[in-house]
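Everything below concerns the one structure shown next.
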Amino acid sequence: MLKADRNHIFLVIFCKGVRFIRYEQGVLTDRSSKFAYSQELARQVAVNGADGIVTIGEIWQSEAVVDEDSVPIPPAEVPDRREALEVAAEDRYGNRRVKLCFFRKRFNRIGFEEEVEFGQDVENNFMAPVRAVWKHRDESEGDAGTSEGPLTPPT
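Next up, the structure:
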């Protein structure tokens, strides 16, 4: 996963309850391929009934930077961006966790730096199509939850 190339390998684990359903690997070459893959991921969640997703991949992160027209510049295009391994988990019931481990590549060596963890407040736009599938499924099944908070897992 930590190869010196322009493509980020991306692993996805599909779960149903605590059961593993399947996994797959995607190669995200640019923002367009990432968008297309997020749509495909939602389609697969609809087909296989997954109610949880774990993703493992390499990401770029930077401070918020805008161009002269105040348009946000993606981290991939920011010279002082940082790289991290990211493990993100999200389920149909609104539970989310993300863990990042930053690293540097120098002289064909990888040096790991600090780790950062995020909880419920993290928002991952990549998962928006999957969330839409889950919302539709919940509404179809009659347990859409309330506006006061996330859905409660069945007991």
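Start counting the sequence shown at 415; every next residue gets the next number (my numbering). All C-beta atoms in this analysis are idealised placements derived from N, C-alpha and C, irrespective of residue type, glycine included.
Bridge-paired residues (DSSP) for residue i
i           : result
residue 517 : 497 and 526
residue 472 : 499
residue 551 : In DSSP, residue 551 forms no bridge with anything.
residue 510 : 504
residue 532 : 512
residue 480 : 486
residue 426 : 438 and 469
Boundaries (first-last residue) of the beta strand (DSSP E) holding residue i
i           : result
residue 437 : 433-442
Cβ neighbour criterion (16 or more within 10 Å) applied to residue i
i           : result
residue 521 : exposed
residue 426 : buried
residue 457 : exposed
residue 518 : exposed
residue 555 : exposed
residue 546 : exposed
residue 490 : exposed
residue 494 : exposed
residue 504 : buried
residue 502 : buried
residue 544 : buried
residue 461 : exposed
Residue range of the alpha helix (DSSP H) that includes residue i
i           : result
residue 459 : 445-462
residue 491 : Unbroken run through residue 491: none, as it is neither H nor E.
Checklist entry - Using 8 Å as the threshold, is the segment 465-485 in touch with the segment 424-441, meaning 3 or more CB pairs across them? => result yes
Checklist entry - Does the pairing of the segment 489-499 with the segment 471-478 give three or more beta-carbon distances under 8 Å? => result yes
Checklist entry - Pairing CB atoms from the segment 502-519 with CB atoms from the segment 478-492, are three or more of them under 8 Å? => result no
Checklist entry - Are three or more beta carbon pairs between the segment 436-445 and the segment 522-542 nearer than 8 Å? => result no
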